[in-house]
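Novice:
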Ligand code: GLU
Ligand code: ZN
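In the numbering used here, the protein residues as written are 283 to 753.
1) To the nearest whole angstrom, what separates the beta carbons of residue 555 and residue 575, a pair I think is in contact under 8 Å?
2) Hey, how far is the Cα of residue 525 from the Cα of residue 592?
3) Which residues are close to ligand 2, meaning CB closer than 6 Å to any heavy atom, in chain order?
4) Excluding the 5 residues preceding and the 5 following residue 416 in the sequence, name in chain order all residues of the same chain whose CB lies nearer than 7 Å to its CB.
5) Would you kindly check if the distance between the Cβ of residue 676 and the Cβ of residue 741 is under 9 Å?
6) For residue 646, I'd like the list of residues in its chain whose CB is within less than 6 Å of its CB, leaving aside the five on either flank, ordered along the chain.
7) How is residue 449 classed by DSSP in three states: helix, strand or coil?
8) Please list, in chain order, all residues of the same chain as residue 414 whose beta carbon is under 7 Å from its beta carbon, the five residues on each side excluded.
9) Any chance the segment 447-461 sits against the segment 287-296, with 3 or more Cβ pairs inside 8 Å?
10) Which residues are close to ligand 3, meaning CB closer than 6 Å to any heavy atom, in chain order?
11) Examine the Cβ distances between the segment 503-512 and the segment 350-370 and report whether three or more of them are shorter than 8 Å.
12) Taking 8 Å as the threshold, find out whether the segment 457-476 comes into contact with the segment 351-363 through three or more Cβ pairs.
13) Tell me the DSSP secondary structure of residue 477 in three-state form.
14) Please report the Cβ distance between residue 476 and residue 371, rounded to the nearest whole angstrom; I am assuming they are in contact, meaning their Cβ atoms lie under 8 Å.
15) Mapping the DSSP letters down to three states, classify residue 654 as helix, strand or coil.
16) Can you list, in chain order, the stretches of the alpha helix (DSSP H) that have 4 or more residues and sit fully within the segment 297-384?
17) So who's on the other strand from residue 468, going by DSSP bridges?
18) Figure out for me which residue from 383, 494, 654 has the closest Cα to the Cα of residue 439.
19) Take the Cβ of residue 453 as the centre, count every other Cβ of all protein chains shown within 10 Å, and call the residue buried at 16 or more, exposed below.
20) Should residue 490 be labelled buried (16 or more other beta-carbon atoms within 10 Å of its own) or exposed?
21) For residue 516, which residues of its own chain have a beta-carbon under 6 Å away from its beta-carbon, when the five flanking residues on both sides are left out?
22) Which of the three DSSP states, helix, strand or coil, is assigned to residue 514?
23) Check for me: the beta strand (DSSP E) holding residue 493 runs from which residue to which?
24) Between the C-alpha atoms of residue 426 and residue 468, what's the straight-line distance to the nearest angstrom?
25) Could you spell out the range, first to last residue, of the beta strand (DSSP E) harbouring residue 391?
26) Beta-carbon within less than 8 Å of residue 573's beta-carbon, same chain only, minus the 5 sequence neighbours each way: which residues are those?
27) Can you give me the C-alpha to C-alpha distance between residue 583 and residue 483, rounded to a whole angstrom?
28) Looking only at DSSP bridge pairs, what is residue 525 linked to?
29) Measuring alpha carbon to alpha carbon, tell me which residue in 437, 294, 332, 424 is nearest residue 385.
30) In or out: residue 322 buried (at least 16 other Cβ within 10 Å) or exposed?
31) Just list the beta strand (DSSP E) runs in the segment 554-640, keeping only unbroken ones of 3 residues or longer that don't cross its boundaries, in chain order.
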């Protein structure tokens with residue numbers, strides 16, 4: 283049987299996910315789902331100092347929010363666990379033991395200071411810094427002597443001397459590195475912990491991962507990791523290295539771009555469908571035009587349509603998809619946007635009234651403030667329009683006993699107002715702007731007392747204006 287497709291997302295829980303990480307996760311998931319394969323979420327928590335339990339909870343929540351699920355990972359077992367790298371130490375050890383036994387790994391006794399001096403020399407001589415291989419040729423006696431000196435040893439992988447390491451990257455095409463340029467790398471640190479290079483590669487091989495999609499910052503790791511996996515007698519996965527995402531100013535998106543972190547976007551009200559549709563097009567040209575539900579996206583993903591130019595995150599595009607996603611979202615899902623900002627019980631009705639006029643949480647908050655809080659002071663043009671309606675018009679509206687929209691319009695018409703001369707002042711008095719939701723539901727949301735107060739403010743404007751004209 284051929285190797286079934288499996289891909290994975292392997293975040294280090296040292297910070298919050300940004301759009302670039304989320305795109306990697308989405309693409310890896312889409313690839314697995316499109317091929318009926320497995321998708322694994324592996325938490326690379328080996329950097330114990332910088333890993334944070336709350337970041338794990340957060341990233342799981344962010345992935346679920348987008349609609350990504352996994353066959354193997356926290357809370358789900360496909361038989362390839364554990365899914366936390368720190369719980370896989372025995373597997374890493376077993377691999378190291380095999381490499382040591384076959385001579386493909388060797389202890390390195392160099393101290394940090396010695397390695398640093400080597401690096402400095404290389405830099406001075408304008409050579410790429412890499413490990414000199416000083417400990418590669420030590421014999422048993424030499425090792426015993428250094429051990430006796432009390433030097434702790436790390437473990438290094440012996441790169442295959444004189445060979446070329448080649449593979450075809452799914453995004454970047456054919457890649458070729460000279461093993462001798464890369465140098466022997468640490469697989470187990472002197473403190474006994476597995477390095478990123480080794481644990482990440484061993485886990486991929488162990489978990490039967492067939493395609494690794496990850497950021498292009500890892501390209502130079504791949505020849506080392508492939509060589510390591512081959513030395514263990516296992517088949518390396520295929521690799522695809524995604525280009526970086528850049529922000530509006532063409533600078534790479536970083537964890538510091540708070541507003542572009544997944545958390546930041548969620549807090550602002552961006553919907554998962556909006557973010558997913560944006561990501562589907564960032565450096566991937568395989569999807570047909572138009573909005574796609576996340577559940578339908580696997581059919582829209584073509585791993586051969588990944589581009590390798592940096593992809594630019596464009597807020598206009600994001601807002602376009604937000605608009606599309608909003609149109610497909612039920613009122614009830616938007617209630618959190620107005621919760622606590624409306625009279626109790628008026629949340630759903632408020633959302634229904636304003637939803638065509640909002641894109642993000644801040645817009646909803648601004649509408650709640652306009653409806654239930656204070657109106658901004660009218661500008662000159664608005665004041666003029668409200669004054670022009672005349673005091674009698676406002677007095678008539680204030681006198682309506684049951685102030686429904688129809689009753690107010692009828693009362694306004696009875697004073698001789700019509701068309702724009704009726705609807706614009708009414709809208710301005712109640713919402714402070716000529717742009718906005720339909721007035722019928724707005725009137726229904728405002729209490730009779732509020733209606734009265736707002737008509738009265740407009741009446742006073744008109745009265746002041748009449749006085750000014752009279753004098
Ligand atoms: N933990 C690594 C990272 O977050 C994983 C890289 C990879 O996907 O192989 O960068
Ligand atoms: Zn050494």
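Each residue gets a CB set at the ideal place from its N, CA and C atoms; glycine is no exception. Source: prediction; values computed, not measured.
Specialist: On the basis of the supplied data:
1) At roughly 7 Å, the Cβ-Cβ gap stays under 8 Å, so residue 555 and residue 575 are in contact.
2) Taking the straight line joining both Cα atoms gives about 5 Å.
3) Applying a distance threshold of 6 Å between residue Cβ atoms and the heavy atoms of ligand 2 selects 390, 391, 392, 416, 417, given in chain order.
4) Closer than 7 Å at the Cβ level, and outside the excluded window around residue 416, lie 392.
5) Yes, these two residues count as a Cβ contact at 9 Å.
6) Cβ within range, chain order: 619, 620, 640.
7) Here DSSP, grouped into helix, strand and coil, assigns residue 449 to strand.
8) Contacts found: 400.
9) In short, these stretches do not touch, since the Cβ pair count stays below three.
10) With respect to ligand 3, the structure shown offers nothing to examine, as its ligands consist of ligand 1 and ligand 2.
11) Segments in contact, no.
12) Output reads no: the segment 351-363 does not touch the segment 457-476.
13) Three-state result, residue 477: coil.
14) 7 Å between Cβ atoms; contact.
15) Assigned with DSSP and collapsed to three states, residue 654 falls in helix.
16) Those alpha helix (DSSP H) runs which fall completely within the segment 297-384 and span 4+ residues are 301-316, 335-348, 371-383.
17) Within the DSSP secondary-structure output, residue 468 pairs in a beta bridge with 438.
18) That would be 383, whose Cα lies nearest to the Cα of residue 439.
19) Buried.
20) Classified as buried, residue 490 has 16 or more neighbouring CB atoms from the shown chains inside 10 Å of its CB.
21) Within the same chain, and ignoring the five residues on either side of residue 516 in sequence, the residues whose Cβ sits closer than 6 Å to its Cβ are 487.
22) The answer is coil: DSSP assigns residue 514 none of H, G, I, E or B.
23) Its beta strand (DSSP E) spans residues 493-497.
24) Rounded to whole angstroms, residue 426 to residue 468 spans 20 Å at the Cα level.
25) For residue 391, there is no enclosing beta strand (DSSP E), since its DSSP letter is neither H nor E.
26) Excluding sequence neighbours, residue 573 sits near 555, 559, 603, 606, 607, 610.
27) Residue 583 and residue 483: Cα-Cα distance of roughly 26 Å.
28) The bridge partners DSSP lists for residue 525 come to none.
29) Closest option to residue 385, Cα to Cα, is 437.
30) Within a 10 Å sphere around the beta-carbon of residue 322 sit 16 or more other beta-carbons, which makes this residue buried.
31) Along the segment 554-640, the beta strand (DSSP E) does not occur as any fully enclosed run of 3 or more residues.
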